[in-house]
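For the sequence shown, our numbering begins at 318 and goes up steadily by one.
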Amino acid sequence: MLKAQGSFFVGGEKVEQTYVELGSFGPPGHISVNQMYVRYMVPQGGDSKAAVVMVHGMTLTGKTWETTPDGRMGWDEYFVRKGHPVYVPDQVSRGRSGFNQRVFNNVRAGTTPQSEQPVMRRFSDEVVWPNFRFGPKPGAAYPDEQFPVAAADELSKQSIPDLNSSLPTPNPSFKALSDLATQLKRAVLMGHSQGGSFPLEAALVDSAGIKGMVLVEPGNCPAAYTDQQIAKLATAPILVVFGDHLSDTPTGIAALRSWQGPFDACQAFIARVKAAGGNAQMLYPPDLGIHGNSHMIMQDKNNLQIADLILKWIDRNVK
318 MLKAQGSFFV
328 GGEKVEQTYV
338 ELGSFGPPGH
348 ISVNQMYVRY
358 MVPQGGDSKA
368 AVVMVHGMTL
378 TGKTWETTPD
388 GRMGWDEYFV
398 RKGHPVYVPD
408 QVSRGRSGFN
418 QRVFNNVRAG
428 TTPQSEQPVM
438 RRFSDEVVWP
448 NFRFGPKPGA
458 AYPDEQFPVA
468 AADELSKQSI
478 PDLNSSLPTP
488 NPSFKALSDL
498 ATQLKRAVLM
508 GHSQGGSFPL
518 EAALVDSAGI
528 KGMVLVEPGN
538 CPAAYTDQQI
548 AKLATAPILV
558 VFGDHLSDTP
568 TGIAALRSWQ
578 GPFDACQAFI
588 ARVKAAGGNA
598 QMLYPPDLGI
608 HGNSHMIMQD
618 KNNLQIADLI
628 LKWIDRNVK
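Here it is in structure tokens:
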């Protein structure tokens, strides 16, 4: 039974744009940009548990956490059924958060050089198989593969152009997530893949409302953090989660040869946090005898089994 459900925006700013920048359709004026859309569900009695904020990865949206490609319950609903309020944003510039079209219209009009037009990134269906670790090549799943590969085409439909390259630095999603956690007062920030390090970046902005961080298959655990930054991150418990087949097959992505690299970097990060007096742990299902999990672990056939392990960690570590 839900106490509340709905949606809202966090952050954003007003900017003035010209007739051309607005698409040569209406008169010049002001619009909002860099806002973050958030959808939420709060169960009855949910005030007794920390809210969980679920942040998606590259070329994806909050749909990542909803119904799985083969029609099973997603983590957003499952965590609510386990008593946690759940908040699912679309990163700034993605999905219902929208993006700033200014530079694209200026390039089209010739007032901005083509070299300044941001890159829009997508993953092909073919490269998803080795990169998301469904199998060594398209159509050839690992024998123990947990992702429902018969529904791979449904995952493809979830992908949209990634416009993060169009955003200012730092990424506005960092502050928006920090502001959301402060608004919620007691939140566990959970990020996946590209968004895996977003909880860390949000905590470095302001960690006041962040009571825990879960990094699910993060693309990176930055080694460049200073000792001062590590000390700040060590004030909240951190769980890092990786699936299986990390080094079995090259990803097909030049910037990420295999997922063993991020795993090793996160192990080093965990060691630094522990050395600073923090509580940081790795959840690696193969160590528990659970095999075959993919990069899209929240959509795998055993997704609720993995969710239960994370929920148990939250219960034990998040005050």
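Cβ atoms here follow ideal geometry from the backbone N, Cα and C, with glycine treated the same way.
The structure presented is a predicted model; accordingly, all values stated were derived computationally and were not measured.
Just to confirm before moving on: does the CB-CB distance between residue i and residue j stay below 7 Å?
i, j, result
"L628", "K399", "yes"
"M507", "M371", "yes"
"A367", "K528", "yes"
"C583", "V558", "no"
"P447", "T566", "yes"
"F491", "A520", "no"
"G340", "N423", "no"
Measure how close the beta-carbons of residue i and residue j come, nearest whole angstrom, since I'm counting them as under 8 Å.
i, j, result
"D496", "G328", "6 Å"
"Y354", "P406", "6 Å"
"V409", "N351", "5 Å"
"M390", "L621", "7 Å"
"Q293", "I587", "Residue 293 falls outside the range modelled here, since the chain spans only 318 to 636, and no answer is possible."
"S611", "F464", "4 Å"
"G609", "E433", "That pair is no contact at about 44 Å."
"L480", "F580", "Not a contact, Cβ separation roughly 28 Å."
Using only CA atoms, which one of the options lies nearest to residue i?
i, options, result
"R633", "P554, G578, G606 and G363", "P554"
"P435", "V444, R425, E518 and S524", "R425"
"T552", "M390, Q463 and A525", "A525"
"D544", "V332, V590, T568 and K528", "V590"
"A478", "V397, G374, L339 and P344", "Per the sequence shown, residue 478 should be read as Pro rather than Ala. Nearest option by C-alpha distance: G374."
"G427", "Y404, C538 and V337", "V337"
"V531", "E518, G513 and I547", "G513"
"G595", "R450, K549, N422 and W630", "K549"
"A572", "Q546, G536 and T335", "G536"
"E330", "H562, P485 and S476", "P485"
"S414", "H509, R356 and I631", "R356"
"K380", "L600, A593, I631 and K474", "K474"
Is residue i buried or exposed, if buried means 16 or more other CB atoms sit within 10 Å of its CB?
i, result
"P516", "buried"
"E534", "buried"
"T570", "What sits at residue 570 in the sequence shown is Ile, not Thr. With fewer than 16 Cβ atoms within 10 Å of its Cβ, I570 is classed as exposed."
"L605", "exposed"
"P430", "exposed"
"V635", "buried"
"P360", "buried"
"Q616", "buried"
I want to know whether the stretch 450 to 465 touches the stretch 497 to 507 - three or more CB-CB distances under 8 Å. Touching, no.
Three or more beta-carbon pairs under 8 Å between the stretch 469 to 483 and the stretch 384 to 399, yes or no? Yes, since at least three Cβ pairs between the stretch 469 to 483 and the stretch 384 to 399 fall closer than 8 Å, the two stretches touch.
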